[in-house]
Amino acid sequence: MKTVTLPSGERVPVFGMGTWYMGENRATRAEEIATLKLGLDLGATLIDTAEMYGEGLVEELIGEAIAGRRDEAFLVSKVYPNNASRQGAVAACERSLRRLRTDRLDLYLLHWRGDVPLAETMEAFMTLQQAGNIRHYGVSNLDLADMQELWSVPGGSDVQTDQMLYNLARRGIEWDLLPWLRERGVPVMAYSPIDHTKLVNNRKLADFARRHGMTPAQAALAWLLANDDIIVIPKSGRRERLKENLGALDIRLTLAQIAELDGLFPPPAGPRPLELI
Ligand code: NAP
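Here it is, written out as structure tokens:
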């Protein structure tokens with residue numbers, strides 16, 4: 009499995025498994041668990057979840073899927089912004105650990121920015137790290153202004169990722185956030201990499217994929233994976249689709265194919281703010 013190096017120096021798989029909306033249906037639960045286990049077998053050992061997903065039900069499902077295999081997984085979970093206070097984050101993390109049936113998270117993220125000051129959340133994360141409850145911490149859905157503020161608070165520049173919406177059809181982070189993170193060696197974890205199924209059903213992408221001998225989901229993922237510092241976390245609760253999606257790792261898009269996709273899904277227009285400085 010290709011890896012991305014976090015600022016800490018640790019290498020994580022470039023392809024992880026999203027889990028939002030798993031565990032909602034009794035009829036599909038066994039297949040979802042089988043999919044997560046297959047992902048571990050195939051090297052997609054990064055599992056992304058959150059206390060929000062199913063209000064803890066998804067963490068419980070993951071706990072079941074990784075039973076006896078905890079050390080193979082790189083577990084990412086997220087704290088609700090309203091739980092991200094000095095004491096609230098510690099309590100929320102303990103609940104997540106219980107549901108996941110583990111003693112540590114590999115990466116704990118602030119799910120999005122809320123009312124708790126960033127400095128307080130970082131303090132909580134550092135406390136959890138010192139106690140061994142989390143190995144690393146990071147953020148999600150923080151824009152450039154938030155990140156700049158984060159860099160000014162103690163512990164803020166030790167974040168390992170900013171997990172953001174990023175896919176062919178949602179390229180907003182290319183405007184200013186992505187270059188800023190790249191300058192600092194902070195990888196993006198791209199969520200909704202197939203735009204929550206919209207890209208699979210996109211006619212332009214389907215046509216591109218057919219002409220180039222891949223599926224639309226593979227094309228969308230291969231486009232992200234053409235970068236060496238973007239982690240993708242597509243969600244599928246079906247083993248066949250997980251295997252299909254993993255096929256994107258075997259696709260190396262040519263410059264001509266990337267240019268064609270840029271034509272179909274244009275990047276944000278105009279000079280980027282950083283280039284104006
Ligand atoms: P996504 O991964 O872009 O799309 C998931 C959807 O696509 C599911 O409905 C899945 O259905 C379907 N799918 C997957 N592979 C497919 C394929 N090859 N062909 C057809 N359909 C396919 O969207 P996402 O779940 O929003 O994002 C991925 C993960 O990122 C989430 O699960 C979550 O872990 C994380 N996330 C984080 C945030 C945040 O705020 N930090 C926000 C959104 C998501 P099946 O399961 O039925 O295959």
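Position in the sequence shown (first residue = 1) + 8 = my numbering. Yeah, the Cβ is synthetic: ideal placement off N, Cα and C, and Gly gets one too.
| Query | Result |
| --- | --- |
| What span of residues does the beta strand (DSSP E) with Arg317 cover, start to end? | Here the chain has residues from 9 to 285 only, and residue 317 is not among them. |
| If distances are taken between C-alpha atoms only, which option among Arg106, Leu272, Arg179, Met25 comes closest to Pro245? | The amino acid at residue 245 is misidentified as Pro; the sequence shows Gly. Minimum Cα distance to Gly245 is reached at Met25. |
| Determine the direct distance from the alpha carbon of Gln138 to that of Val208, and round the result to whole angstroms. | 43 Å |
| Could you check how far apart the C-beta atoms of Gly140 and Thr169 are, in whole angstroms? I think they sit under 8 Å. | That pair is no contact at about 20 Å. |
| With three or more C-beta pairs closer than 8 Å as the rule, is the region 198-206 touching the region 227-241? | yes |
| Buried or exposed for Ala153, going by 16 or more other Cβ atoms inside 10 Å? | exposed |
| Could you tell me the distance, in whole angstroms, from the CA atom of Lys243 to the CA atom of Ser85? | 15 Å |
| What separation, rounded to the nearest whole angstrom, lies between the Cα atoms of Leu282 and Ile241? | For Leu282, the predicted structure reports a pLDDT of 48, less than 50, and the residue's modelled location is therefore unreliable. A value from the coordinates is still provided. Between Leu282 and Ile241, the C-alpha separation is close to 28 Å. |
| Just checking Lys1 against the ligand NAP - is the residue's beta carbon closer than 8 Å to any of the ligand's heavy atoms? | Examination of residue 1 is not possible in this model, given that the chain is present from 9 through 285 alone. |
| Tell me whether Glu67 counts as near the ligand NAP, meaning its Cβ is closer than 8 Å to at least one heavy atom of that ligand. | no |
| Taking 8 Å as the cut-off, is the beta-carbon of Ser200 closer than that to any non-hydrogen atom of the ligand NAP? | yes |
| Under the criterion of a Cβ to heavy atom distance below 8 Å, does Ala58 qualify as lining the ligand NAP? | yes |
| Please check the pair Val194 and Tyr174, which I expect to be a contact at CB under 8 Å, by giving their CB distance rounded to whole angstroms. | That pair is no contact at about 14 Å. |
| Put Thr11 into one of helix, strand or coil per three-state DSSP. | strand |
| So does Ala73 have its beta carbon nearer than 8 Å to some heavy atom of the ligand NAP? | no |
| Mapping DSSP to helix, strand and coil, what is Asp154? | helix |
| Cutting at 6 Å between CB atoms, please list the residues of its own chain near Glu68, excluding the five before and the five after it. | Arg107 |
| Compare the C-beta of Arg103 with all C-beta atoms of chain C and state if any pair is closer than 9 Å. | Looking at the structure shown, chain C is missing, and only one protein chain is on hand. |
| Can you tell me the Cβ-Cβ gap for Phe216 and Ala227, rounded? I've got them flagged as a contact below 8 Å. | 6 Å |
| Using a 10 Å radius around the Cβ and a threshold of 16 neighbouring Cβ atoms, would you call Ser148 buried or exposed? | buried |
| How would you label Ile285, buried or exposed, when you count the other beta carbons within 10 angstroms and need 16 or more for buried? | Reliability of the predicted coordinates at Ile285 is poor, the pLDDT of 36 falling under 50, and no value is obtained from them. |
| Ordered along the chain, which non-local residues of its own chain (more than five positions away) have a Cβ less than 8 Å from that of Pro89? | Leu118, His119, Trp120, Arg121, Gly122, Asp123, Val124 |
| Measuring from the CB of Leu151, is there a heavy atom of the ligand NAP at a distance below 8 Å? | For the sequence presented, residue 151 should be read as Asp rather than Leu. It does not: the Cβ of Asp151 is nowhere closer than 8 Å to a heavy atom of the ligand NAP. |
| Which runs of the alpha helix (DSSP H) spanning at least 4 residues fall entirely within the region 230-284, listed in chain order? | 247-254, 263-272, 281-284 |
| At 4 residues or longer, what runs of the alpha helix (DSSP H) sit wholly inside the region 66-126? | 94-108 |
| Grab me the residues of Glu20's own chain with a C-beta within less than 7 Å of its C-beta, minus the 5 sequence neighbours each way, in chain order. | A small fix is needed here, since residue 20 is Val in this sequence, not Glu. Thr11, Val12, Leu14, Leu54, Phe82, Ile239, listed in sequence order. |
| Quick check: is any heavy atom of the ligand NAP less than 8 Å from the C-beta of Ser160? | no |
| DSSP state of Ile2, grouped into three classes? | One cannot answer for residue 2 here, as it falls past the ends of the chain, which runs 9 to 285. |
| Taking 8 Å as the cut-off, is the CB of Ser93 close to at least one heavy atom of the ligand NAP? | no |
| Just the C-alpha distance for Glu248 and Ile41, rounded to the nearest angstrom, thanks. | 13 Å |
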